[in-house]
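Participant:
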Amino acid sequence: MAITKVEISINGVWTNCIKNAAGKWAASPTAPSITSFNKDGKYYPVTVRITNDAGTVVTYDASDATIGASLRLQVKEKVKPVIALVTPTNGARVTNNKQPITFKVTDETNGSGVKTSTVSLKIDGNTFNESSTGMTKTAITNGYQFVYTPQTALSNGDHTITINAQDNDGNAAAVVTASIKVDTVPPSLNITSPANGLITNTKSITLEGTTNDATSSPVTVTAKLNGTDVGSITVTNGAFSKALTGAEGNNTLVVTARDAAGLTTPVTINFKIDTSVPKIKNVSISPNPADASGSVAIELEIE
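Start counting the sequence shown at 27; every next residue gets the next number (my numbering).
(1) Can you tell me whether S143 is helix, strand or coil according to DSSP?
(2) Does the segment 123 to 141 touch the segment 194 to 209, meaning 3 or more C-beta pairs lie closer than 8 Å?
(3) Among G183, P126, T167 and V101, which residue has its Cα nearest to the Cα of D133?
(4) With burial defined as no fewer than 16 other Cβ atoms inside 10 Å of the residue's Cβ, what is the status of N46: buried or exposed?
(5) Under the rule that 16 or more other beta-carbon atoms within 10 Å means buried, what is Q177, buried or exposed?
(6) Among K102, A191 and V261, which residue has its Cα nearest to the Cα of I247?
(7) Quick one: residues in its chain with C-beta nearer than 6 Å to the C-beta of V74, no 5 flanking neighbours on either side, listed in chain order?
(8) List the residues that DSSP assigns as beta-bridge partners of S310.
(9) Would C43 and A57 be called neighbours here (beta carbons separated by less than 9 Å)?
(10) Check each candidate in I36, G67 and I76 and name the one with the smallest Cα separation from M27.
(11) Tell me which same chain residues have a C-beta within less than 7 Å of the C-beta of T121, skipping the five on either side of it?
(12) Using 8 Å as the cut-off, can you tell me whether the segment 211 to 226 makes contact with the segment 290 to 298, which would need three or more C-beta pairs spanning the two stretches below that distance?
(13) Tell me which residue opens and which closes the beta strand (DSSP E) that I36 is part of.
(14) Residues in the same chain with beta-carbon distance under 8 Å from V322, minus the five sequence neighbours each way, listed in chain order, please.
(15) Within 10 Å of its beta-carbon, does N263 have 16 or more other beta-carbons around it, so buried, or fewer, so exposed?
(16) Based on DSSP bridge pairs, tell me the residues matched to V172.
(17) Would you mind giving the Cβ-Cβ distance between D184 and S205, rounded to the nearest angstrom? I have them listed as a contact below 8 Å.
(18) Is the beta carbon of V173 less than 9 Å from the beta carbon of T164?
(19) Are the CB atoms of K307 and E16 within a distance shorter than 9 Å?
(20) Less than 8 Å between the CB atoms is what I'm expecting for A283 and T237, so what's the real figure, rounded?
(21) Whose CA, out of F129, V32 and P107, lies closest to the CA of V83?
(22) Considering only the alpha carbon of each residue, which of K50, G49, G67 and K124 lies closest to M161?
(23) Would you kindly report the start and end of the unbroken beta strand (DSSP E) that includes D79?
(24) Would you say V108 and A200 are within 9 Å of each other, going by their C-beta atoms?
(25) CB-CB under 8 Å to P55, same chain, minus the five flanking residues each way: which ones, in chain order?
(26) Could you give the DSSP three-state label for K124: helix, strand or coil?
(27) Whose C-beta lies closer than 7 Å to the C-beta of I217 among residues of the same chain, with five residues either side of it excluded?
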């Protein structure tokens, strides 16, 4: 009996084998382009069809009790999964010391899929995974979205976020690292002029004060006089000054300091401008004429 033909099929594609100098039938088929992870048994079955000169055809495949285990081709993808930090983004300033951290991990279409047990989120020196309290996982197209809410308040200041993940074929995603700053303290704001409750006879008012924020500088200052924005206010080394013109009567000045994290501190100053000149409406002197060295009563009616 002589073998006349040997064929191999992988994923429905047949390839003819050639007998080599060593007397073995060999072929170099191309592996499927899609990972076998999601296939039954996590492999592609290989089928071998042998024909002899008598016309007898015999077929062997992955179900064969003797050599079936050798006819199972595992294919691994080479594309790495992708990690995307949704919020907060790198460089963000947050005012919530338990700020939820949202990120996505996705694999290529028809890939092996994200291996969720390899997904880790590190905040500074503390590592969290899918089983950590505060971590939620939601399936999305080609992967998962994770949201972690810190169970312990983060301190004010800088923090580093690091995210790692792999797919089911062992490909590691590029590590994502981000820095955020937590700021829960609004800026200080001290108004030195005008004084609250001031009564003055001039409409020219000077707004003066100081502001500071240790965590989220620089601080900007805005002000509204009787509901109207007073324009740009320059802050230099924490101090500011702005010439204003008030209105006759009662005035309300609202000054607001805002830090880089968006936290604000407002201060309201009420003052009054009275430019009226007192006038004597009527004078009464009695007696008039008066006796020398005598008592005189004088009454003034002023408006």
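Glycine included, each C-beta is placed from N, C-alpha and C at the ideal position.
Facilitator: Based on what the coordinates show:
(1) S143 falls in the strand class under three-state DSSP.
(2) When C-beta atoms of the segment 194 to 209 are compared with those of the segment 123 to 141, three or more pairs fall below 8 Å, so the two segments count as touching.
(3) Of G183, P126, T167 and V101, the residue nearest in Cα terms is T167.
(4) With a 10 Å radius around the Cβ and a threshold of 16 neighbouring Cβ atoms, N46 comes out exposed.
(5) Under this definition Q177 is an exposed residue.
(6) The sequence given here places Val at residue 247; Ile does not occur at that position. Cα-wise, what sits closest to V247 is V261.
(7) Excluding residues within five positions, the ones whose Cβ falls inside 6 Å are I34 and Y86.
(8) Bridge pairing for S310: E325 [DSSP].
(9) In this structure, A57 does not lie closer than 9 Å to C43 by Cβ.
(10) Ranked by Cα distance from M27, the first of I36, G67 and I76 is I76.
(11) Closer than 7 Å at the Cβ level, and outside the excluded window around T121, lie D209, T210, A287, G288 and L289.
(12) A contact exists between the segment 211 to 226 and the segment 290 to 298.
(13) Counting along the chain, the beta strand (DSSP E) containing I36 begins and ends at I29 to I36.
(14) Excluding sequence neighbours, V322 sits near I311, S312, P313, N314 and A316.
(15) Its Cβ having fewer than 16 others within 10 Å, N263 is exposed.
(16) Note that residue 172 is Phe in the sequence shown, not Val. Residue pairing by DSSP puts F172 in a beta bridge opposite F129 and K163.
(17) With 8 Å as the limit, D184 and S205 qualify as a contact, their Cβ atoms being about 6 Å apart.
(18) Cβ distance < 9 Å, so V173 and T164 count as in contact.
(19) In the structure displayed, the chain extends from 27 to 329; residue 16 sits before or after that span and is not available.
(20) In this structure A283 is in contact with T237, their Cβ atoms being roughly 4 Å apart against a cut-off of 8 Å.
(21) With distances taken between Cα atoms, V83 lies closest to V32.
(22) Looking only at K50, G49, G67 and K124, the smallest Cα-Cα distance to M161 is reached by K124.
(23) Looking at the DSSP string, D79 is not in any beta strand (DSSP E), and its letter there is neither H nor E.
(24) Yes, Cβ-Cβ distance for V108 and A200 is below 9 Å.
(25) Correct list, in chain order: I34, I36, V39 and T41.
(26) Of the three classes helix, strand and coil, the one that applies to K124 here is coil, per DSSP.
(27) So the list reads G235, V281, V293 and I295, once near-sequence residues are dropped.
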